[in-house]
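Which chain is which? The protein sequence lines are A and B, in order. My numbering applies: residue 75 is where the first sequence begins, and numbers increase by one. My numbering applies: residue 3 is where the second sequence begins, and numbers increase by one. Ideal placement from N, C-alpha and C gives every residue a C-beta, glycine not left out. Fair warning: this is a prediction, and the values are worked out from it, not measured in the lab. Here is the structure we will look at.
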Amino acid sequence: GAGVSQSPSNKVTEKGKDVELRCDPISGHTALYWYRQRLGQGLEFLIYFQGNSAPDKSGLPSDRFSAERTGGSVSTLTIQRTQQEDSAVYLCASSLRSLKGKLFFGSGTQLSVL
Amino acid sequence: GEDVEQSLFLSVREGDSSVINCTYTDSSSTYLYWYKQEPGAGLQLLTYIFSNMDMKQDQRLTVLLNKKDKHLSLRIADTQTGDSAIYFCAESMGEKLTFGTGTRLTIIP
């Protein structure tokens, strides 16, 4: 596609429920990143994919968080048993490995846990 | 630590220059970046500088790098209302970027 697409754009859920957030990167981009942005705070790195493998998942806050990527394209971030502190904007970005650091971001998914 | 630090807020009169500052942590970072986030949108790469440079100019934008002090700044000349946004500096650490907290730039008419 023309840009990085994330869905849904907004998600409201009840505490304890599971949520899935989807990211469609730019076609041909091998690197994919998930970041979290809490209100009034900077971006917090969650996980990085190169192709379908995740060489760096050091930012996942707990075992309730997991992510996968299939076909070197679409990625899904899953949060199980959501807590109120999970409320944030979840941003996905993709890039060509040869253009390290030049990330193209989606508009994010605003997650609200009630 | 891994903190990239920025001031949270900056207010500038329209037409004046804006200077946004950042201190980073990893002296081995190859590139340093400035990203812009407009309301309701994702981040957009604004400019970047290679670590062996001390200055880069791109139209109204000037990036200054002081490697000794690990200090990076972004100067926006002739600030316009369309420059209102949050500006993030970032350093590359391995395969990932570590971002600062962002500086919200407000333009005073």
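Other residues of its chain near residue i: CB distance less than 6 angstroms, five sequence neighbours each side excluded
| i | result |
| --- | --- |
| Q46(B) | K38 |
| A79(B) | S19 and R62 |
| M57(B) | L66 |
| D92(A) | Q154 |
Proximal chain A residues relative to residue i, where beta-carbon distance stays under 9 angstroms
| i | result |
| --- | --- |
| Y26(B) | Ordered by position in chain A, no residue passes the 9 angstroms Cβ test against Y26(B), which lies about 12 angstroms from the chain. |
Amino acids of chain B, ordered along the chain, whose beta-carbon sits closer than 7 angstroms to that of residue i
| i | result |
| --- | --- |
| G180(A) | G44 |
Residue i - containing beta strand (DSSP E), residue span
| i | result |
| --- | --- |
| L66(B) | L63 to N68 |
| M57(B) | M57 to D60 |
| V21(B) | S20 to T25 |
| P129(A) | S127 to D130 |
| N142(A) | Before going further, note that residue 142(A) is Glu rather than Asn in the sequence given. Counting along the chain, the beta strand (DSSP E) containing E142(A) begins and ends at F139 to R143. |
| L113(A) | Counting along the chain, L113(A) falls outside any beta strand (DSSP E), and DSSP gives it neither H nor E. |
Residues near residue i by beta carbon distance below 7 angstroms, same chain, minus five either side
| i | result |
| --- | --- |
| Y164(A) | L95, W108, R110, L151, G182, T183 and L185 |
Per-residue contacts from residue i into chain B (C-beta, under 8 angstroms)
| i | result |
| --- | --- |
| P129(A) | E97 |
| Y122(A) | E97 and K98 |
Contacting residues, own chain, Cβ-Cβ under 8 angstroms from residue i (five flanking each side not counted)
| i | result |
| --- | --- |
| S83(A) | S181, G182, T183 and Q184 |
| K85(A) | V93, L95, T183, Q184, L185 and S186 |
| I110(B) | S13, V14, R15 and E16 |
Presumed contact (8 angstroms Cβ cut-off) between residue i and residue j, rounded CB distance
| i | j | result |
| --- | --- | --- |
| A162(A) | A141(A) | That belief does not hold up - the Cβ atoms of A162(A) and A141(A) are roughly 15 angstroms apart, past 8 angstroms. |
| Q124(A) | T104(A) | 6 angstroms |
Under 7 angstroms by beta carbon: chain A residues contacting residue i
| i | result |
| --- | --- |
| Y50(B) | G175 |
| Y35(B) | G175 |
Contact list for residue i against chain A, beta-carbon separation under 8 angstroms
| i | result |
| --- | --- |
| T103(B) | Q115 and G116 |
The segment 171–188 of chain A touching the segment 132–147 of chain A, judged by at least three CB pairs closer than 8 angstroms: No: the two stretches stay apart, fewer than three of their Cβ pairs being nearer than 8 angstroms.
Three or more C-beta pairs below 8 angstroms linking the segment 161–171 of chain A and the segment 92–102 of chain A: Judged by Cβ distances under 8 angstroms, the segment 161–171 of chain A makes contact with the segment 92–102 of chain A, as three or more pairs qualify.
Three CB pairs or more closer than 8 angstroms across the segment 84–92 of chain B and the segment 100–107 of chain B: Yes, the segment 84–92 of chain B is in contact with the segment 100–107 of chain B.
The segment 140–157 of chain A in contact with the segment 23–43 of chain B per 3-pair CB rule at 8 angstroms: Contact fails: fewer than three Cβ-Cβ distances are below 8 angstroms.
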